[in-house]
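Student:
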Amino acid sequence: MIALLQRVTEAKVVVDGNTIGAINAGLMVLVCAEREDTEKQADDLLKKLLAYRVFSDDAGKMNRSVTDVQGGLLLVPQFTLAADTNSGTRPSFTPAAPPELGRQLFDYFVAQARSKHAQVETGSFGADMKVSLTNDGPVTFWLKTK
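Under the working numbering, think of the first position of the sequence shown as -14, with each following residue one higher.
(1) According to DSSP, is P84 part of a helix, a strand, or is it coil?
(2) Indicate the three-state DSSP secondary structure (helix, strand or coil) for D92 in the structure shown.
(3) Taking 8 Å as the threshold, find out whether the stretch 5 to 18 comes into contact with the stretch 46 to 59 through three or more Cβ pairs.
(4) May I ask you to list the residues that DSSP assigns as paired with P62?
(5) My output table needs one value for A103: the three-state DSSP class, helix, strand or coil.
(6) When the distance is taken between beta carbons, is L34 closer than 8 Å to A(-12)?
(7) Tell me which residue opens and which closes the beta strand (DSSP E) that K142 is part of.
(8) Cα separation between D69 and D43?
(9) What are the residues that DSSP puts in a beta bridge with S77?
(10) Which same chain residues, not among the five before or five after F78, have their C-beta less than 8 Å away from its C-beta?
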């Protein structure tokens, strides 16, 4: 699985003019399942995500996780992260999980996140979403499980 995380001061997802998920300070995370992924990869990615130290401590070093700072977590399904862009000028999405598996793993990831973290908001799988955020830093990291 893949996660593109961004430290934000605020972020939201809008579908059909309605805000369906929003957070203040925390992480906005684009989440993607690949073809061979299972719940194990989802668990591994979530464990790393919740412990990943991207927030500053009192000395200004990135030593605090979203869990440590009790920040918000906005999880947004984003299958295009799995795109193969190595040839041509049109991406191939062959590496991405089929829609049924992608939805299943995203829903599992969200359920596990909600059982481990206080504030979890989400986008909507398969919807035309408008995602807006204020990147804090900017700080952006790519996480991937094998």
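Beta carbons are placed, not taken as given, at the ideal position from N, Cα and C, and that holds for glycine. Predicted model, so just to flag it, every value in this text is computed and none were measured.
Tutor: Judging by the given coordinates:
(1) helix
(2) helix
(3) yes
(4) V16
(5) coil
(6) Yes.
(7) The structure shown has nothing for residue 142, since the chain only spans -14 to 131.
(8) 41 Å
(9) D69
(10) Excluding residues within five positions, the ones whose Cβ falls inside 8 Å are F64, T65, A67, A68 and D69.
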